[in-house]
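A.B. asks: After the structure tokens below, expect a handful of questions from me.
There are 2 protein chains.
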Amino acid sequence: MAARLDPAECAECLCLASRRAARAITRSFDRRLRPHGVRATQLTILIALILYGPGSIGALAEGLGIERTTLTRNLALLEAARWIRIRPGEDARSRLVEITKRGRAKAEAALPAWRSAQAATVAAISLAAAEALRALAQRPIP
Amino acid sequence: MAARLDPAECAECLCLASRRAARAITRSFDRRLRPHGVRATQLTILIALILYGPGSIGALAEGLGIERTTLTRNLALLEAARWIRIRPGEDARSRLVEITKRGRAKAEAALPAWRSAQAATVAAISLAAAEALRALAQRPIP
DNA sequence: CGGCGATAGATGTAGATACACATATCGGAT
DNA sequence: ATCCGATATGTGTATCTACATCTATCGCCG
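Written out as structure tokens, the structure reads:
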């Protein structure tokens, strides 16, 4: 039989805390990126492709800490916008994702808005919290 | 003209970090909660209703740091499962959300799994990071 | 060469998220 | 009494997320 709910214990829920923080931060980024017609999640993918070069869908998903099947859907939208290109990979199973000129231009145009959102977030949560959040995001959760 | 992308700068993206952390933590919670047929997001709402009592949709959304319209959709699923009840509120505009006996029983049955996920997350990210995350989630992001 | 586990990815289904907009009601000012 | 801004909520649309399952291909072992 489960014990009764303890308010102090349940108020500490890390799933709520992490999702709540992500929602708030994403809203802030999306608001600033809206004039550029790109979502924070999409810009993240474009930046990853610029920084770490073309790669397979699985490798990109791994790098972003996202489900591979989720990334497949996200990439379809970016491909429709011609911000990325998906070509056949080394063998007939894999596919290679790479950013296009249009995608690179879009990411660079959105960079000032991205910086503004980043700065606003750091100011809101403190530099120490920002560093803690980055470190935390690297860790696998069993 | 936007400056060129700086790898060090872009790797610090807080939107990516927060979403990545939330995805990983949510997957961990959902995996453990699956035998109970309840999602982490749903359990969060049930717990909030237990701890803070019945209230309007807007007040609940505010408390959870979630968009009101998002909560409306989430509540529809909980209502269909008969875990919550939505009644007319004080005036004809507002509605009152409250947990049902079934909902309370479901939340209490899932509590051990929730505790297990919570403990696994704390162990993975460290107690200090957990506290930082909780504090961070409280802050509004402009 | 043929089979078989491993690998890479796509699809079906379901839920979470949020903005723009629409609806209904309330309460105070005239 | 009526009008009008404020309040509380629902709906249309689009995107993000992920598990279960499917298809295709690869590489190895006999």
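Heads up: the protein sequence lines correspond to chains A and B, in order. Under the numbering used here, read the first sequence as residues 16 to 157, first letter to last. Under the numbering used here, read the second sequence as residues 16 to 157, first letter to last. Note that the Cβ used here is the ideal one computed from N, Cα and C, for glycine as well.
1) Give the residues of chain A in contact with P50(B), contact being defined as C-beta atoms less than 7 angstroms apart.
2) What does I99(A) pair with, by DSSP beta-bridge criteria?
3) Write down the C-beta distance between S131(B) and A37(A) rounded to the nearest angstrom, noting that I regard them as a contact closer than 8 angstroms.
4) Just to check my reading of the structure: P157(B) and S141(A) have Cβ atoms closer than 8 angstroms, yes? What is that Cβ distance to the nearest angstrom?
5) By how many angstroms is the C-alpha of L90(B) removed from the C-alpha of A104(B)?
6) Checking contacts by CB at 8 angstroms: is P157(A) closer than that to chain B?
7) Looking at chain A, which residues of the region 34-47 of chain B have a Cβ within less than 9 angstroms of any of its Cβ atoms?
8) Less than 8 angstroms between the C-beta atoms of I40(B) and L79(A), yes or no?
9) Do the region 66-84 of chain A and the region 111-123 of chain A meet, that is, are 3 or more Cβ pairs less than 8 angstroms apart?
10) Check this for me: beta carbons of D159(B) and R54(B), under 8 angstroms apart or not?
11) Alpha carbon to alpha carbon, how far is A17(A) from R49(A)?
12) Which residue from C25(B), T56(B) and I65(B) puts its Cα closest to that of L58(A)?
13) Would you tell me roughly how many angstroms separate the C-alpha atoms of R149(B) and L148(A), rounded to the nearest one?
14) From which residue to which residue does the alpha helix (DSSP H) around E27(A) run?
15) Between the Cα of T85(A) and the Cα atoms of T56(A), P69(A), A139(A) and P127(A), which residue gives the shortest distance?
16) Which of helix, strand or coil does DSSP assign to A17(A)?
17) According to DSSP, simplified to helix, strand and coil, what is S71(B)?
18) Using alpha carbons as the reference points, say which of R108(B), Q133(B), D106(B) and I101(B) lies closest to G118(B).
19) If we count the other Cβ atoms within 10 Å of its Cβ and call it buried at 16 or more, is G70(A) buried or exposed?
20) What did DSSP end up calling Q153(A) once you bin it into helix, strand or coil?
C.D. replies: The structure says:
1) Listed along chain A is no residue with a C-beta nearer than 7 angstroms to that of P50(B); the closest approach is about 13 angstroms.
2) DSSP lists I114(A) as partners of I99(A).
3) S131(B) to A37(A), Cβ: 22 angstroms. No contact.
4) Contact flag wrong, Cβ pair sits at about 14 angstroms.
5) Strictly speaking, residue 104(B) in this sequence is Gly, with Ala absent from that position. Cα atoms of G104(B) and L90(B): separation of roughly 16 angstroms, rounded to the nearest angstrom.
6) So yes, P157(A) belongs to the interface.
7) Flagged, chain order: R34, R35, A36, A37, R38, A39, I40, T41, R42, S43, F44 and D45.
8) In terms of Cβ geometry, I40(B) and L79(A) do not form a close pair [threshold 8 angstroms].
9) Touching, per the Cβ criterion.
10) Because residue 159(B) is not part of the residues shown, which for chain B are 16 to 157, the question remains open.
11) Note that A17(A) scores 48 on pLDDT, short of 50, meaning its location in the model is unreliable and no value can be drawn from it.
12) Comparing Cα positions, the closest option is C25(B).
13) Looking at the two C-alpha atoms, the distance is approximately 11 angstroms.
14) Looking at the DSSP string, E27(A) is not in any alpha helix (DSSP H), and its letter there is neither H nor E.
15) Minimum Cα distance to T85(A) is reached at T56(A).
16) Only weak support exists for where A17(A) lies, its pLDDT of 48 falling under 50; the value from the coordinates is given anyway. DSSP, reduced to helix, strand and coil, places A17(A) outside both helices and strands of the structure shown, so it counts as coil.
17) Strand, per DSSP.
18) Of R108(B), Q133(B), D106(B) and I101(B), the residue nearest in Cα terms is I101(B).
19) It is buried - the Cβ of G70(A) has at least 16 other Cβ atoms within 10 Å.
20) In the three-state reduction of the DSSP assignment, Q153(A) falls in the coil class.
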